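Every letter in the sequence shown is one number past the one before it in full-length UniProt numbering, and letter 81, counting from 1, is 81.
Here is the structure we will look at.
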Amino acid sequence: MAATKRLVVSQAFDKITVTTIMAEAGMRRQTFYDHFRDKYDVLAEIYATEVKAAVRYCGNYQFWPQTLTSMLTYFNQNQVFYQHVLKLDVQNAPEEVILTHLQTMVGEIFTSLGDYEKVSIDTKYCTFLQKTLGGTLYQALKDWLYRTDEVSLQQENQFLKAYLEDGINGYLMRRKRQPSQLQSEIA
Numbered sequence: 001m002a003a004t005k006r007l008v009v010s011q012a013f014d015k016i017t018v019t020t021i022m023a024e025a026g027m028r029r030q031t032f033y034d035h036f037r038d039k040y041d042v043l044a045e046i047y048a049t050e051v052k053a054a055v056r057y058c059g060n061y062q063f064w065p066q067t068l069t070s071m072l073t074y075f076n077q078n079q080v081f082y083q084h085v086l087k088l089d090v091q092n093a094p095e096e097v098i099l100t101h102l103q104t105m106v107g108e109i110f111t112s113l114g115d116y117e118k119v120s121i122d123t124k125y126c127t128f129l130q131k132t133l134g135g136t137l138y139q140a141l142k143d144w145l146y147r148t149d150e151v152s153l154q155q156e157n158q159f160l161k162a163y164l165e166d167g168i169n170g171y172l173m174r175r176k177r178q179p180s181q182l183q184s185e186i187a
């Protein structure tokens, strides 16, 4: 996978083939296909493997600020690679893998929040939060990767932490009100 990362930062992805990846990695064709379907599958595996290693306690409400910091640090350290990867506009691009991971993470954090704070979260509303907050987080991350010279890692972390914290705290305040004080029926 390191060979693919080296290739992605040094040349256009449409010029990279399975053969060039194999040559860079010193790998046989059959070995490549034993592990990956195509070159896009390698990109998805890089993300899944490296983010899993970088971001522990991914879906735990109590540790979400550390998760956010770890995730942003990972993307900051791999900025050039992801600038190239996120530009890909093809069917198998890893954008969907990253977006799905962020949406799943948000859902797990809110489920964990419900358990920890002893509040129930309506399944449909949790799905809405997953899609909305996960999508927003993905877009903010993507935008930041292309303008890290304007916004530092620390500032982006502060902005996203405040955004997510405001959403979590607002949800908790609403859920902990007396039933007669609730303005909407969303759980």
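Just so it is clear, CB atoms sit at the ideal spot from N, CA and C, and this is done for glycine as well.
From a predicted model like this one, the values you see are computed outputs, not experimental measurements.
Residue nearest to residue i in terms of C-alpha spacing, selected from the options
i: I98; options: A48, F63, F128; result: A48
i: residue 188; options: M71, L137, A44, K5; result: No answer is possible for residue 188: the residues shown for the chain start at 1 and end at 187.
i: K39; options: R28, G26, Q62, D14; result: D14
i: M105; options: Y138, D41, G59; result: G59
i: F36; options: A162, D166, I121, M1; result: M1
i: Y82; options: G107, E50, Q91; result: E50
i: N92; options: T148, T127, Q158, V42; result: V42
i: R175; options: Y125, Q158, D34; result: Y125
i: T100; options: Q30, T127, H84, A162; result: T127
i: G134; options: T148, N157, G107; result: G107
i: L129; options: I46, E156, G170; result: G170
Sequence-distant residues of the same chain with beta carbon closer than 7 Å to residue i, five excluded per side
i: I168; result: L113
i: R6; result: E24
i: A44; result: P94, V97
i: K142; result: L86
i: T20; result: L7
i: A3; result: I21, E24, A25
i: S10; result: none
i: Y33; result: none
i: V151; result: W144
Contact set for residue i: own chain, Cβ-Cβ below 6 Å, skip 5 residues either direction
i: A23; result: none
i: W64; result: I109
Whole-Å CB distance - residue i paired with residue j, under 8 Å assumed
i: L164; j: V119; result: Actually they are not in contact, since the Cβ atoms of L164 and V119 sit about 17 Å apart, beyond 8 Å.
i: Y116; j: Q62; result: 6 Å
i: L145; j: Q79; result: 6 Å
i: Y138; j: L102; result: 5 Å
i: L160; j: L68; result: 6 Å
i: T132; j: I121; result: Actually they do not touch by this definition, with Cβ atoms about 14 Å apart.
Residue i Cβ short of 7 Å to the ligand MN heavy atom set
i: D143; result: Looking at this structure, you won't find the ligand MN or any other ligand, since it has none at all.
Residues near residue i in its chain [Cβ-Cβ closer than 8 Å; skip 5 each side]
i: Y74; result: E50, V51, A54, V55
i: L153; result: L72, T73, N76
i: I16; result: T4, L7, V8, K39
i: N157; result: L68, T69, L72
i: V90; result: Y40
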